[in-house]
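Down below is the structure, laid out as structure tokens.
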Amino acid sequence: MYSTRDKNQENEIQRRSTARWTAFAKHRDMFKDNIVTCSKRQIYNSCVLPAMTCGAET
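The opening position of the sequence shown corresponds to residue 1109 in my numbering, with each subsequent residue numbered one higher.
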């Protein structure tokens, strides 16, 4: 049986995962293009990663 805290954590994990995939989908075309890997990494680190970790400190 899930406690309220477990359910809240589960919801938060789901929210972050959705935010990450949404951010990734916005830039999907750039990841498919023939651009340099370091550019792809910069896009991921500046757009996708922050969406995933947003609120992790709180």
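The beta carbon of each residue, even a glycine, is placed where N, CA and C say it ideally should be. Source: prediction; values computed, not measured.
Using a Cβ cut-off of 8 Å (strictly closer), state whether residue i contacts chain B.
{"i": "A1159", "result": "This model lacks chain B altogether; it includes just one protein chain."}
Which word fits residue i, buried or exposed, when buried means at least 16 other C-beta atoms lie within 10 angstroms of its C-beta?
{"i": "A1131", "result": "buried"}
Leaving out the 5 sequence neighbours to the left and right, which residues in its chain are closer than 6 Å to residue i when beta-carbon positions are compared?
{"i": "E1118", "result": "none"}
Go through its chain and collect everything with a Cβ distance to residue i's Cβ below 8 Å, but skip five positions before and after it.
{"i": "K1148", "result": "M1138, F1139"}
Among residues of its own chain, excluding the 5 on either side of residue i, which ones have a beta-carbon nearer than 7 Å to its beta-carbon?
{"i": "D1141", "result": "none"}
Tell me where the alpha helix (DSSP H) around residue i begins and ends.
{"i": "N1119", "result": "1112 to 1134"}
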